[in-house]
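A short worksheet on the structure shown next.
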Amino acid sequence: MKSFAAILSLVAAASAIDLYAFNNYNCGGTWGRCANINPNVCCVGSGFSVQAKGIPIGWHITLHGRSGGGCNGGGATNTNQGQSHVCVNGGFYTGSFYTFNGKKRAAGAAPESECQRPDVLGFADGTEYDLTSLTDDEIDALLPSAFNATSLADAPEELKLLQIK
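The sequence shown: position 91 = 77 (this note's numbering), numbered continuously.
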């Protein structure tokens, strides 16, 4: 069983599941993305909905949206039912993470220490910004005003320097 868990963790590391936090319900609008995130790693980012994308076909995961600061506190969950994406609506979330269905870890248990900040910010119009060069404090200062923007014209000046597409 230990070899299966080791293989599963290698497969998970090689597969690109991305977690998103959106400024609108129903996983739409401006978003922050934590790319290539592993299971049980918290994507710290606030939004009214969260989504996992790029789930390999046949995988069954549960996406957890948390509302107590990062991946703490209560929240909501949704399963992907074997689909390549899953969305969690119905609250204001401060973090998200995913777990594999059927694992022995307590259902809904928050990640214990690992956290990741969004590495890309995107608008519904397709414009994207690279956040990897920013410190946590710079991201905290920039994201609230950036989440209120819907296009390049509305973006804060500091963000425009980080545009990648």
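Even glycine gets a Cβ: it sits at the ideal position worked out from N, Cα and C.
Owing to the predicted nature of the structure, the values given are computational and were not obtained by experimental measurement.
Per DSSP, the unbroken beta strand (DSSP E) holding Phe83 starts and ends at 79 to 86. Linking Asn24 to Ala139 through their CA atoms gives a straight-line distance of about 34 Å.
When Cβ pairs closer than 8 Å are counted between the two stretches, the stretch 70 to 89 is seen to touch the stretch 35 to 43, the count reaching three or more. Cβ neighbours of Tyr115 within its own chain (closer than 6 Å, five residues either side excluded): Leu107, Leu145, Leu148, Gln149. Per the coordinates, the alpha-carbon of Thr113 lies some 25 Å from the alpha-carbon of Phe83.
Going by beta carbons, Val30 and Gly14 fall outside the 9 Å limit.
Looking only at Ala141, Ala7, Gly59, the smallest Cα-Cα distance to Ala21 is reached by Ala7.
Residue environment: Gly51 is assigned as buried (16 or more neighbouring CB atoms within 10 Å of its CB, all protein chains considered). The alpha-carbon of Arg19 is positioned some 12 Å away from that of Cys28.
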